[in-house]
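> What follows is a structure written as structure tokens; I'll ask about it next.
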Amino acid sequence: MNEKFFDLNKEKQDRMINASLKLFALNGYKHASTDDIVKEAGISKGLLFHYFGSKLGLYTFLYDYSVRFMKLELTRGVIDDNRKADYFELRKQIEFAKMQVLKNYPYMQQFLDRSRSENVKEALLAIEEQRDVLAGVYAEIMERADTNLFAENIDLNKLDAMLEYTIKGLMTEHFQNASFHPEMLYEETVSYLMMLKKLAYH
17 MNEKFFDLNK EKQDRMINAS LKLFALNGYK HASTDDIVKE AGISKGLLFH
67 YFGSKLGLYT FLYDYSVRFM KLELTRGVID DNRKADYFEL RKQIEFAKMQ
117 VLKNYPYMQQ FLDRSRSENV KEALLAIEEQ RDVLAGVYAE IMERADTNLF
167 AENIDLNKLD AMLEYTIKGL MTEHFQNASF HPEMLYEETV SYLMMLKKLA
217 YH
């Protein structure tokens with residue numbers, strides 16, 4: 017992490033982080049322009065390179081920051097004992113934790129999603145060590161899910177995949193309609209979770 021960057025006031029930090037998350041999320045590493053990032057953030061290019069050295073340095077910082085921030089909210093906001101819990105309640109808590117993140121950093125989840133399909137070698141190598149951290153956190157949370165209530169014909173892997181597609185689709189739709197509010201996205205996501213719960217249980 018770039019310690020000098022955190023000496024800046026919080027408003028400027030978040031402006032730079034949010035502008036960078038947005039441009040990398042929308043355009044990918046290759047096509048995200050530092051000229052566009054500094055314009056979006058309202059800062060000089062010199063300031064950006066002073067703290068991060070290069071576009072790759074910025075991308076690496078952003079990924080590390082995003083993983084740490086998301087992990088913190090997930091571990092703070094989700095039941096963290098060993099008791100079994102309702103599958104859909106755990107999913108709901110995960111989405112609530114994400115909502116808290118998106119209040120501060122609206123494009124963070126999209127940035128993380130986009131990074132999974134990144135195909136630029138230098139970008140892939142820069143985030144290699146951190147790539148599986150969040151997947152591990154999600155897996156650890158969902159290990160506590162009580163699956164005894166599911167109907168016999170329910171394939172949990174397919175259910176997980178269907179939920180991921182649905183949640184990503186909802187987020188994309190909210191952003192495209194210029195109507196993104198984390199609370200509204202959360203409420204809509206929960207409505208899908210509750211509908212699926214009725215269909216999936218005995």
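Just so we're aligned, residue 17 is where the sequence shown starts under my numbering, counting upward by one. All C-beta atoms, glycine included, are put in the ideal place defined by N, C-alpha and C.
#1: Using only alpha-carbon positions, find the residue among ILE170, LEU141, GLY44, TYR67 that is nearest to PHE22.
#2: Can you list, in chain order, the residues of its chain whose CB lies under 7 Å from that of PHE196, leaving out five sequence neighbours each side?
#3: Please classify THR91: is it buried, with 16 or more other beta-carbons within 10 angstroms of its beta-carbon, or exposed?
#4: Could you give the uninterrupted runs of the alpha helix (DSSP H) lying entirely in the stretch 20-49, keeping only those of 4 residues or more?
#5: On the DSSP bridge list, what partners appear for ALA101?
#6: Given that a residue counts as buried once 16 or more other Cβ atoms are within 10 Å of its Cβ, and exposed if not, what is THR205?
#7: Would you kindly work out how many angstroms separate the C-alpha atoms of THR163 and TYR45, rounded to a whole number?
#8: Between the alpha carbons of ARG160 and LEU64, how many angstroms are there, rounded?
#9: How should ALA113 be labelled, buried or exposed, when 16 other C-beta atoms within 10 angstroms of its C-beta is the threshold for buried?
#10: Leaving out the 5 sequence neighbours to the left and right, which residues in its chain are closer than 6 Å to PHE166 when beta-carbon positions are compared?
#11: Along the chain, where does the alpha helix (DSSP H) containing ILE183 start, and where does it finish?
#12: Under the DSSP definition of a beta bridge, which residues are partnered with PHE166?
#13: What would DSSP say about VAL94, mapped onto helix, strand or coil?
#14: How is GLU134 classed by DSSP in three states: helix, strand or coil?
#15: Check whether the stretch 98-111 touches the stretch 141-160, taking contact to mean three or more Cβ pairs, one atom from each stretch, closer than 8 Å.
#16: Select from LYS100, GLU168, ASN120 the residue whose C-alpha is nearest the C-alpha of GLU199.
#17: CA-CA distance, ASN24 and MET32?
#18: Just checking my contact of ALA139 with TYR75 at CB under 8 Å: how many whole Å lie between their CB atoms?
#19: Which residue comes first and which comes last in the alpha helix (DSSP H) that contains TYR67?
#20: Helix, strand or coil, according to DSSP, for GLY58 in the structure here?
Once the coordinates are examined:
#1: TYR67
#2: PRO122, HIS190
#3: Result: exposed.
#4: 26-47
#5: ALA161
#6: buried
#7: Approximately 39 Å between the Cα atoms of the pair.
#8: Looking at the backbone, the Cα of ARG160 and that of LEU64 are separated by about 43 Å.
#9: buried
#10: Excluding sequence neighbours, PHE166 sits near ALA216.
#11: 172-192
#12: For PHE166, the pairing in a beta bridge is given by DSSP as TYR217.
#13: coil
#14: coil
#15: The way I'd put it, the stretch 98-111 does touch the stretch 141-160; three or more beta-carbon pairs between them come closer than 8 Å.
#16: Measuring from the Cα of GLU199, the nearest candidate turns out to be ASN120.
#17: The sequence shown places Leu at residue 24, rather than the Asn named in the question. Answer to the nearest angstrom: the Cα atoms are 11 Å apart.
#18: 6 Å
#19: 61-68
#20: coil
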